[in-house]
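J.: Chains as they are written, first to last, in the numbering used here: chain A, 1 to 246; chain B, 1 to 775; chain C, 1 to 421.
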Amino acid sequence: MKPKVAFFDFTSCEGCQLDALNLTAEELISLLNAVDIVNFREVMTERADNYDIAFVEGSITRESEIPRLQNIRDRAKVVVALGACACIGGVNCLKNHLPVDAALRIVYGKDARYYDTIPARPIDALIKVDYYVRGCPPITAELLKVVKALLLGKKPEIPNYPVCTECKMAGNICVFERGMTCLGPVIRAGCGAICVTSGRHCWGCRGLVDDPNLDSEKDILQKYGLTVEKVVEKFKIYNTYAEVTK
Amino acid sequence: MVGKSVLVVDDEPIVRESIRDWLEDAGYQVAIAESGEEALEMIEKQDFSVMVLDIRLPGKTGIAVLKEVKGQRPWIKSIIITAYPSAETTSEARKLGAIDYLIKPVVPDDLERLIRETLDSVGREPTVTTEVVIRPKPRVIEAVEVKKDFVMPKENMRTIVESLAKEMEVVGVKSKYGKYVYDRISSFEELCLDYDVTVMPPTKYLLPAKETLLKFQAGDGSKVEPVIEAIPRAIVGVHPYDIKAIELLDEAFMSTNPDPNYIARRQKTIIIGVDCLNPSPKSFAPSMGTNLTETGFDLLLTDIGTDYMVTVGSKKGAELATKHAHLREPTGDDIAKQKAAREEALAKYKLSLDVSKERLPKLLEENYEDSYWESRSATCLSCGSCVMVCPTCFCFDVQDEVALNLKEGERSRYWDGCVLVDFAKVATGENFRHDKASRFRHRIFRKGKYILERYGKVGCVGCGRCATACLADIASPLEAFNAIVESAEAKEAAMRIVREVRAETELYAPRPAELVMVSELTPREKVFEFRFKDGKSLGQRPGQFVEVSVTGIGEAPISVSSSPTKDGTFQLAIRNVGNVTGALHALKKGAIVGIRGPFGNGFPLGALEGKDLLLIAGGIGLFPLRSLVQYVLDKRSSFGKVILLFGARSPAERLFLDELAAWSKNPDIEFHETVDRGDESWKGNVGVITTLIPKVDIDSKKTMTVVVGPPIMYRFVIGELKKKDLADENIIVSLERRMKCGVGKCGHCQINGVYVCQDGPVFTLAQLRNLREAV
Amino acid sequence: MTKLNINVHHVTRVEGHGNIVLNATDGKIEKVLWEVIESPRLFEAMLCGRYYEDVPHIASRICGICSIAHSTASIQAIEAAFGIQPSEQTLLLRKLLYNAELIESHVLHALFLVAPDFLGVGSVFPLVETHKEVVVMALRLKKLSYSLAELLAGRKTHPLSCVVGGFAKLPKIDELKAIRTRLEDALADLDVTVELFKTLSIPNFSRETEYIALKDDKEYAFISGHIASTDAGITPVAKYLEVTNEFCVPHSTAKYTKNKRDSYMVGALARFNLNHDQLLPRARRTAEELGLSAPCHKPFMITVAQVVEAVHAVEDSLRLIDQILDWGLEEEDNAVKVQAGRGIGAVEAPRGILFHDYTFDKNGILTKANCIIPTNQNHNNVQKDMEAIVPLMLDQPEDIIRHTLEMLVRAYDPCISCSAH
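Put into structure tokens, the structure is as follows:
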């Protein structure tokens, strides 16, 4: 009996689900041989209420989303948070720094009264999550790794060390030595340090490692030229919800 | 016929006669001599192709014989055999033209192969002298592995590099974003041989960030194939400190438990080194003795202006240099220029060690508890940068990956490092180095003490890379060493010359074993009985462990629970705590798993024989101890009084109930049992296991105690045992750590300077007194 | 009394969440509504207070499918605000990157989202059995787009290497040569797509509306040009607000727009109507083969226009790569000097014209942002189309009406999360 897999999304850009389909024909066929995809609104019309594994993308930013999320938790044996928005809140949480009404008014002006929103949060603020596929967007290979681990009945081996380790493995020159600053030293690896390899720096989309030395990272960022405010601004983009900024 | 004639010279009749017999069987014509004088007489009268010569002879020594043979018939190839290799004699022998040496007792195959290879090269050579005479036509230099220097015009490097590029991959030092890196060289112009230091060391070509060890068909342990991929490669521009680091890796990977993957890469690698004349401001190589090197390279270049001084370090190097370059003998002026260049470089170093490096190990040992470790590591991010850029770091993790079809997969190794948080964490969640201070200290001790003591090579080569890479600015071992004030004598382990090693391709490949019986002990513990598919016995000693593979899931270390006196099958008692153990628990009779091992030292049976035994098992400590109990019962007459104590947390958690019952009824042993807390039906002792110890009567002079249990139990039990006046050497424990490779390579099971999988898991309390991380 | 109640909750095979509501009694329509219920993320508020360097990174997250379009519009707005003129090399690379996304987006839409309706299945998954060749080809085209984007920007979804002023890392010449070969093969793959589309019977429903797109003198416009309208002629980008006229409606978290009429259309069909004579030769032939000619007022032909544009994008990519190989690539200095100012970036995202309007203070901190997304500009057109098509179908069975309305929404390739931003 193939496990039934369902994809859901809440407040998100749907990039995580799109990248989940970034497969070669062989990979898609192997995937469809291994699981039954029973729910995937972005590409499928059929829907099902009966599923074993639910991948959930997006964070929760409205009251009306909460019962839908809880319904998924009730029906699924395994819930996997897919992408930064679901795992740690993601960029959606940037608006949490403003009072709710102020944010609505900036966007909708006098018509703000038609719309509702609540401070954004990751899905594990509301339900228990079994596994996390992190990143904005996640690496397709890591998503497949979690799928394979679920099929084999083992816990997927996701790193608990910072991006610096993978950055060195990739042969990159450290961003700090190139006149920029980077959150890599406290952010969880697993992405292969792709942003640094592409010429940029780490913004922290995979969230913090289990036990980050935040004081040390903040000191380092300041040593390399950022003021306290700018350091806080850097962390805010993805990690607002982790209360780093407090 | 001269072509295949061998003269064997040894004063021991059995040696020379057995060698003669082997070689005659292999088709050679062999003559024997029992002394140097006799050998020389025979050489005067007849010619030989090869002479096998014992260095230690009565009368005329082997060295003297070599000198005279060189004068008479210099084309005779000499192979030295000796029971006592020493650096001086072997290098002198080489200088006198000896091809190679073998250590007694000589392995016939090795000797035969060496002679064959030597003779293969004989036919093509003209009569040689040991001096290189410059001729217009290039020629193979006869003096292999002699540390000879020549001078070569700089443009010849282009020819060398370009010819190498035709036959193999050439990597070298080039510039990137204002720094230097090792990368593929597509044109000679890209090479920057006057660099200061590269970001990543060249060791990544011998131990890459990811390397596949095995391919398998998942779920079925019998379809496992070792993967060894190595391409011929030349590394150009290696500084001496990196060469020294490679020598360390050679020792770690090629001597004990030879690693087939490393060896394949190493044997296909050509190292062209360059003297470092522009050191990095963070380098302290001279303090570590690594700014110059006489060994470890095929060629070494020193820039002396328009030319290079080329030191030939190996046969390969010799071939390269003579084939592609115009070599000449160095003049006095050249030698002076080289000396001047090296001195000038030496003056440029800004940093140095405040004590001589030989004193580091003792210095560190004596300052294990210093508050420096805690205070300095407070800002550590555990980011891994220091270990990733370090040329002497080689710890690795091993993981299984399967394809989406769940049928095929691979097991690969990845760089890992002891400073990373979960390095020493086991499946139950316990982390044996959970705080930054202990991880920081371990790394410094590794670099300054453990590596030197274990492998005889310097553990930190002073390249300065970690000091540059560390954002928190705390990684430099120099700063740590200098910060520790005391000084002491250090001993240097003997240098071992590592050469052609026959590697075991199956080092990491498990053997298939069938599950013949499985039964439940408790809801989360089962005992499994296995038999190897090929019918062979495991051959374990009590106290050893195996690595059990469920391909696709992973591999886990499990103690063997049965005694070797039980024939044919072996038992593993396993608690369900993680990925692999969970998968094992789901197996049914007939399933196939992979087994590697047995590993570890096992209980010291020799020390236990004839003594009284007090065996103490706490909880699942009974799993490994049971192998000893069964062994003792099967050889009961070899031991004196035997007392067995067992403690479980509750009656429901008691293990091997039938055997417990049998032991309590057995008149040959005294058996006591207790539970931490009882229940309604329990009629026996209640209380922790230490409560049983005062009750037993032992003669502390004749008793050996073996204790196995969870870490927390040891301190209390040992306290009680010491009250009974038992000496430290007579108390034996078995320790658990995270084990991956089982063969002393991946680094995860380290306790201070020892590897649990090699030097343990069984230790005496006396040994533990020196291992502070242990309990 | 016949009651018709159609309530499609969360239309499938579109990006984002939208509902279709239709109530009619005895042939009289009481309510026909395209309801956009996507949760708003409030990007225009979130971008305030951010340093310019982080702005494209965040703005990219407005959409997962057209993140390159948002990044590009964002970068161009910042360059306009700071007075930075990107080099010719940068423009070439940007156009090539743009094509990568366009190909993927259009192929995804045509083959994964729309084609199943015409082939009688609910998704692409059953097609793996029945039309394996098509699925293999579609995945191959997707992979090619990803590879091209990765080559240029490190990653396709939320690109990395494209920065204000240029590119942080340049592609390697031999990799460009290798992908050029794959692009040539892609033309054959697109031929298969074209053949497939020839066999599909596209509904004929037609309703004329205003069509708006960028227009450039030199080429079929994607990242440069002025605003062109079939009703109103040319408007400079700086005056975009005069064209868009955003307004709110209670049943949609996304704003709507209108210009000369109650609604207008943007996207592939709008671009085709305005710029079809600038299509490259093979694309033009494809349009003919597929029966697409300007002016076309049939919304169901949007997908066909997308197939034509995909062919154009591949042709254009070959042309651009050849030019890059000819010129060679040089490392450039992307240093940026910040200043106070306002800038507007306008691009043609796969789904239509996209505006990013930013104001910065002298420290390079963003103080005000306005983004108008293509699907915002289409929502009202969808509504009007529905109001027009329903009366023509009232005698059909309920299933057909529902399916047709869903297909109508899908035809627009709406990016609803984007529009609610």
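For every residue, glycine included, the Cβ atom is placed at its ideal position computed from N, Cα and C.
Whose C-beta lies closer than 8 Å to the C-beta of residue 513 of chain B among residues of the same chain, with five residues either side of it excluded?
T.: Within the second sequence, the letter at position 513 stands for residue 513 of chain B. Answer for residue 513 of chain B: 221, 530, 531, 532, 533, 592, 593, 594, 595, listed in chain order.
J.: From the DSSP output, which residues share a beta bridge with residue 288 of chain B?
T.: Translated into the one-based positions of the second sequence, residue 288 of chain B becomes position 288. Bridge partners of residue 288 of chain B: none, in fact.
J.: So, are the CB atoms of residue 220 of chain C and residue 278 of chain C less than 7 Å apart?
T.: In the third sequence, residue 220 of chain C corresponds to position 220, counting from 1. In the third sequence, residue 278 of chain C corresponds to position 278, counting from 1. Yes, the Cβ-Cβ distance between residue 220 of chain C and residue 278 of chain C is below 7 Å.
J.: Do three or more CB pairs link the region 457-467 of chain B to the region 275-284 of chain B at distances below 8 Å?
T.: Contact between the region 457-467 of chain B and the region 275-284 of chain B is present, because at least three Cβ pairs lie under 8 Å.
J.: Does the Cβ-Cβ distance between residue 198 of chain C and residue 198 of chain A come in under 7 Å?
T.: Within the third sequence, numbered from 1, the residue matching residue 198 of chain C stands at position 198. Within the first sequence, numbered from 1, the residue matching residue 198 of chain A stands at position 198. Taking 7 Å as the Cβ cut-off, residue 198 of chain C and residue 198 of chain A do not qualify as a contacting pair.
J.: Can you tell me the Cα-Cα spacing of residue 398 of chain C and residue 23 of chain C, whole angstroms?
T.: Stepping through the third sequence from its first residue, residue 398 of chain C is reached at position 398. Stepping through the third sequence from its first residue, residue 23 of chain C is reached at position 23. Cα-Cα distance, rounded: 11 Å.
J.: Following the continuous beta strand (DSSP E) through residue 78 of chain B, name the residue where it begins and the one where it ends.
T.: Along the second sequence, one-based indexing puts residue 78 of chain B at 78. Residues 77-82.
J.: I need the DSSP call for residue 773 of chain B, collapsed to helix, strand or coil.
T.: Here residue 773 of chain B is taken as the residue at index 773 of the second sequence, counted from 1. Residue 773 of chain B falls in the coil class under three-state DSSP.
J.: Assuming residue 425 of chain C contacts residue 410 of chain C (C-beta within less than 8 Å), just tell me the rounded distance between them.
T.: Because chain C in this structure spans residues 1 to 421, residue 425 of chain C falls outside the shown range and cannot be described.
J.: For the structure I just gave you, are there three or more beta carbon pairs, one from the region 348-367 of chain B and one from the region 383-394 of chain B, closer than 8 Å?
T.: No contact exists between the region 348-367 of chain B and the region 383-394 of chain B.
J.: Can you tell me whether DSSP reads residue 694 of chain B as helix, strand or coil?
T.: In the second sequence, residue 694 of chain B corresponds to position 694, counting from 1. Three-state result, residue 694 of chain B: helix.
J.: Comparing the C-beta of residue 244 of chain A with each C-beta of chain B, is any distance below 7 Å?
T.: Numbered from its first residue, the first sequence carries residue 244 of chain A at position 244. Low confidence applies here, because residue 244 of chain A scores a pLDDT of 48, under 50, leaving its location unreliable and the question unanswered by this model.
J.: Would you mind reading off the limits of the alpha helix (DSSP H) that contains residue 373 of chain B?
T.: Within the second sequence, numbered from 1, the residue matching residue 373 of chain B stands at position 373. Here the alpha helix (DSSP H) through residue 373 of chain B covers 372-376.
J.: Can you tell me where the alpha helix (DSSP H) holding residue 411 of chain C begins and where it ends?
T.: For this step, residue 411 of chain C is matched to residue 411 along the third sequence. Note, residue 411 of chain C: alpha helix (DSSP H), 398-411.
J.: For residue 300 of chain C and chain A, any beta-carbon pair shorter than 7 Å?
T.: Counting from 1 along the third sequence, the entry for residue 300 of chain C is found at position 300. With 7 Å as the cut-off, residue 300 of chain C does not count as an interface residue toward chain A.
J.: At a CB distance below 8 Å, what residues from the region 150-171 of chain A approach chain C? Give them in sequence order.
T.: Flagged: no residues at all.
J.: State the CB to CB distance for the pair residue 133 of chain A and residue 142 of chain A, rounded to an integer number of angstroms; the pair is presumed to be in contact (CB under 8 Å).
T.: Stepping through the first sequence from its first residue, residue 133 of chain A is reached at position 133. Stepping through the first sequence from its first residue, residue 142 of chain A is reached at position 142. Their Cβ separation, rounded to whole angstroms, is 6 Å, which keeps residue 133 of chain A and residue 142 of chain A in contact under 8 Å.
J.: For the alpha helix (DSSP H) containing residue 250 of chain B, list its first residue and its last residue.
T.: Within the second sequence, numbered from 1, the residue matching residue 250 of chain B stands at position 250. Taken as a continuous stretch (DSSP letters only), the alpha helix (DSSP H) holding residue 250 of chain B covers 240-254.
J.: If you run the structure through DSSP and keep just helix, strand and coil, what is residue 432 of chain B?
T.: Here residue 432 of chain B is taken as the residue at index 432 of the second sequence, counted from 1. Three-state result, residue 432 of chain B: coil.
J.: Would you grab the beta carbon distance between residue 703 of chain B and residue 732 of chain B for me? Rounded to a whole angstrom, and I think it's under 8 Å.
T.: As a first step, residue 703 of chain B is located in the second sequence; it is residue number 703 there, counting from the start. As a first step, residue 732 of chain B is located in the second sequence; it is residue number 732 there, counting from the start. Not really, about 11 Å apart at Cβ, beyond 8 Å.
J.: Runs of 3 residues minimum, wholly inside the region 28-101 of chain A: which ones carry the beta strand (DSSP E) assignment?
T.: Within the region 28-101 of chain A, the complete beta strand (DSSP E) runs of at least 3 residues are 36-40, 53-57, 78-82.
J.: For residue 612 of chain B, which residues does DSSP report across the bridge?
T.: Counting from 1 along the second sequence, the entry for residue 612 of chain B is found at position 612. In DSSP, residue 612 of chain B forms a bridge with B/703.
J.: Using a Cβ cut-off of 8 Å, pull out every chain B residue sitting near residue 198 of chain A, in sequence order please.
T.: The residue labelled residue 198 of chain A in the question sits at position 198 within the first sequence. Within chain B, no residue comes near residue 198 of chain A; the closest Cβ sits about 14 Å away, beyond 8 Å.
J.: To the nearest angstrom, report how far apart residue 9 of chain A and residue 19 of chain A are at their CA atoms.
T.: On the first sequence, residue 9 of chain A is found 9 positions in, with the first residue counted as 1. On the first sequence, residue 19 of chain A is found 19 positions in, with the first residue counted as 1. Approximately 14 Å, taken between the alpha carbons.
J.: Give the residues from the region 13-34 of chain C that approach chain A closer than 9 Å (Cβ to any Cβ), ordered along the chain.
T.: Taking 9 Å as the Cβ-Cβ cut-off against chain A, the residues of the region 13-34 of chain C that qualify are 13, 14, 15, 16, 17.
J.: Since residue 174 of chain A meets chain B, which of its residues come closer than 7 Å, beta carbon to beta carbon?
T.: One-based indexing of the first sequence puts residue 174 of chain A at position 174. Simply 469.
J.: Using a C-beta to C-beta distance shorter than 7 Å, which residues of chain A count as neighbours of residue 139 of chain C?
T.: As a working note, residue 139 of chain C is residue 139 in the third sequence. Those are 23, 24, 25, 28, listed as they occur along chain A.
J.: Under 8 Å: do the region 263-276 of chain C and the region 173-181 of chain C share three or more Cβ pairs, one atom per stretch?
T.: Flag = no, the region 263-276 of chain C and the region 173-181 of chain C do not touch.
J.: Roughly how many angstroms separate the alpha carbons of residue 431 of chain B and residue 749 of chain B, rounded to a whole number?
T.: In the second sequence, counting from the first residue as 1, residue 431 of chain B sits at position 431. In the second sequence, counting from the first residue as 1, residue 749 of chain B sits at position 749. Distance between the alpha carbons of residue 431 of chain B and residue 749 of chain B: 11 Å.
J.: Could you check how far apart the C-beta atoms of residue 91 of chain A and residue 150 of chain A are, in whole angstroms? I think they sit under 8 Å.
T.: Taking the first residue of the first sequence as position 1, residue 91 of chain A is located at position 91. Taking the first residue of the first sequence as position 1, residue 150 of chain A is located at position 150. Contact flag wrong, Cβ pair sits at about 28 Å.
J.: Quick one, which of B/428, B/470, B/476, B/604 has its alpha-carbon nearest residue 447 of chain B's?
T.: Taking the second sequence and counting its residues from 1, the one referred to as residue 447 of chain B is at position 447. Cα-wise, what sits closest to residue 447 of chain B is B/476.
J.: Between which two residues does the beta strand (DSSP E) holding residue 554 of chain B run?
T.: Within the second sequence, numbered from 1, the residue matching residue 554 of chain B stands at position 554. First-last of the beta strand (DSSP E) with residue 554 of chain B: 554-559.
J.: What does residue 370 of chain C pair with, by DSSP beta-bridge criteria?
T.: Counting from 1 along the third sequence, the entry for residue 370 of chain C is found at position 370. Answer is C/357.
J.: Let me see if you follow: with CB-CB separation under 7 Å, is residue 262 of chain B close to chain A or not?
T.: Here residue 262 of chain B refers to the residue found at position 262 of the second sequence. No, residue 262 of chain B does not count as interfacial toward chain A.
J.: Extract the residue ranges of the beta strand (DSSP E) inside the region 263-291 of chain C, only unbroken runs of 3 or more that lie entirely within it.
T.: For the region 263-291 of chain C, not a single whole beta strand (DSSP E) run of length 3 or above is found.
J.: On the DSSP bridge assignment, give the partners of residue 324 of chain B in chain order.
T.: Translated into the one-based positions of the second sequence, residue 324 of chain B becomes position 324. BP columns for residue 324 of chain B are empty, so no partner.
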